[in-house]
Amino acid sequence: MLRTKLVSAGLLLTAALAHAAIFPDSLGDYAKGPTKELAAPDPALFQEYGFEAAEQAEFTSPTLGKITASAWRFHDSTGAMAAAQSQRPPKSGQLDSFANYVFLFDPKPLGEAELDQLHKVLPRIENSPLPVLKDYLPADGLIPNSPRYVVGPVSLAKFEPRISPSLAAFHLSAEAQLGQYSTTKGPMTLAIFNYPTPNMARARLDEFQKIPNAVAKRSATLVAVIVEPPDPNAAESLLAKVVYQQNITLNEKVPENIGRQMGGIFLGSFALAGVFIVICLVTGVGLGTLRILMRKLGWKVSEPEQMIVLGIDQHANK
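In this note's numbering, the protein residues as written are 594 to 911.
Written as structure tokens, this is what we have:
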């Protein structure tokens, strides 16, 4: 019975934390007014992106007016980025994402100071690095607000239904970045899939090339696919721009006063060596003085052993 109550209490606590207030009581000159929970605008899609909770609040300032702020929290920053892409362009207001949150401010955005204040007090923040796959979309010809991030069957069926989930092979931890491009003969969709290893990507390429009227290319762990391109020449040119690049990131920050620190290390080393020399001298002088005093007091002092001389040179001269 006690165990059942503890489990129930744990579930209630988890639910309470999931629906805890997102917005603070004030942001700069803005004071928070009525607040309500929000539902996901696309439940199946948001669930695939890791949706956790949402809230909407009205903020009023005597000088800046009223802003309606909406926030959706996701399990990680990748889900928030994908959700933000799926909602662009917004019907009204400004859509933005930060860490594992997506915000919509209507009819105008918050100021930089208010945004900084909001970011510092957000509960359950998760700010892992965003996937680099989004950076592989070529910029030339990309239609604004068209990129869409795919993490599973739901988002793939919504944004590129001509590619089946079994072909994408999400069980291999695949993700994809989609973008639409304008050509003289109409728009076309570029899908870039990322796989854990080049061998997996090579095997997927063979399957993607079986799609009727599709062109595909592999670059290391990336597979770029365009299904039914209206302009085959433009499609080939676009695929040629998708090139895998090894990214090496150093997370350690080099201190600005590194020269001063190195100088301090050298000075410290010399000072330590000087301390050891002084200790040796004091110890030697002390031992010598102690032996002299012991002799004067008549105490027996062991004499150093005599050196053994072989006299090899004398025997050689004889």
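Beta carbons are placed, not taken as given, at the ideal position from N, Cα and C, and that holds for glycine.
Fill in: residue 791 and residue 813 closer than 7 Å at C-beta
One thing to note: residue 791 has its Cβ within 7 Å of the Cβ of residue 813.
Worksheet item: Taking the alpha carbon of residue 739 as the point to measure from, which residue in 746, 745, 727 and 747 has its own alpha carbon closest?
Response: For residue 739, the nearest C-alpha among the options comes from 727.
Item to complete: Name the residue from 826, 668 and 741 whose alpha carbon lies nearest to the alpha carbon of residue 730.
Response: Distances from the alpha-carbon of residue 730 to those of 826, 668 and 741 put 741 closest.
Discussion item. Taking only three categories from DSSP, how would you classify residue 748?
Written reply: In the structure shown, residue 748 falls within a helical segment according to DSSP collapsed to helix, strand and coil.
Discussion item. Taking 8 Å as the cut-off, does the segment 710-722 touch the segment 773-783 (at least 3 CB pairs, one atom from each stretch)?
Written reply: No, because fewer than three Cβ pairs between the segment 773-783 and the segment 710-722 fall closer than 8 Å, the two stretches do not touch.
Worksheet item: residue 775: which of 756, 818, 824 and 794 sits nearest, CA to CA?
Response: With distances taken between Cα atoms, residue 775 lies closest to 824.
Discussion item. Can you look up residue 629 in the DSSP assignment and give me helix, strand or coil?
Written reply: Residue 629 falls in the strand class under three-state DSSP.
Worksheet entry | Residue closest to residue 821, alpha-carbon to alpha-carbon, out of 811, 834 and 804 | The residue with the shortest Cα to Cα distance from residue 821 is 804.
Worksheet item: Can you tell which of 816, 797 and 811 has its C-alpha closest to the C-alpha of residue 786?
Response: Taking each of 816, 797 and 811 in turn and checking the Cα distance to residue 786, the smallest one comes out for 816.
Discussion item. With a threshold of 8 Å, are at least 3 pairs of Cβ atoms found where one atom belongs to the segment 641-661 and the other to the segment 669-689?
Written reply: Cβ pair count under 8 Å is three or more, so yes.
Fill in: Burial state of residue 658 (16 or more Cβ within 10 Å)
Exposed.
Worksheet item: With 16 as the cutoff for other CB atoms within 10 Å, does residue 847 come out buried or exposed?
Response: Bear in mind that a pLDDT of 49 at residue 847, under 50, signals an unreliable position, so the model cannot answer this.
Worksheet item: Would you report the Cα separation of residue 789 and residue 795, rounded to the nearest angstrom?
Response: Rounded to the nearest whole angstrom, the CA to CA distance from residue 789 to residue 795 is 11 Å.
Discussion item. Looking only at its chain, what residues have a beta carbon closer than 7 Å to the beta carbon of residue 670, apart from the 5 residues adjacent to it on each side?
Written reply: Only 692, 693, 719, 720, 721 and 723 meet the Cβ criterion.
Worksheet item: Around the C-beta of residue 888, are 16 or more other C-beta atoms found within 10 angstroms, so that it is buried, or is it exposed?
Response: Residue 888 comes out exposed.
Discussion item. Given this structure, state the Cα-to-Cα distance separating residue 845 from residue 685, to the nearest angstrom.
Written reply: Any reading at residue 845 must be qualified, since the residue scores a pLDDT of 48, below 50, and its modelled position is unreliable; the value itself is stated next. As the crow flies, the alpha-carbon of residue 845 is around 41 Å from that of residue 685.
Practice prompt. Could you tell me the distance, in whole angstroms, from the CA atom of residue 621 to the CA atom of residue 627?
Written response: Approximately 17 Å between the Cα atoms of the pair.
Worksheet item: What separation, rounded to the nearest whole angstrom, lies between the Cα atoms of residue 839 and residue 654?
Response: Each residue's alpha carbon lies about 48 Å from the other.
Discussion item. Please list the terminal residues of the continuous alpha helix (DSSP H) segment that includes residue 708.
Written reply: Start and end: 705-714.
Fill in: N-terminal and C-terminal residue of the beta strand (DSSP E) that residue 811 is part of
In the DSSP annotation of this structure, the continuous segment of the beta strand (DSSP E) that includes residue 811 starts and ends at 807-812.
Discussion item. Let me check understanding here. Comparing Cα to Cα, which of 798, 737 and 827 lies closest to residue 777?
Written reply: Ranking 798, 737 and 827 by CA distance to the CA of residue 777 puts 827 first.
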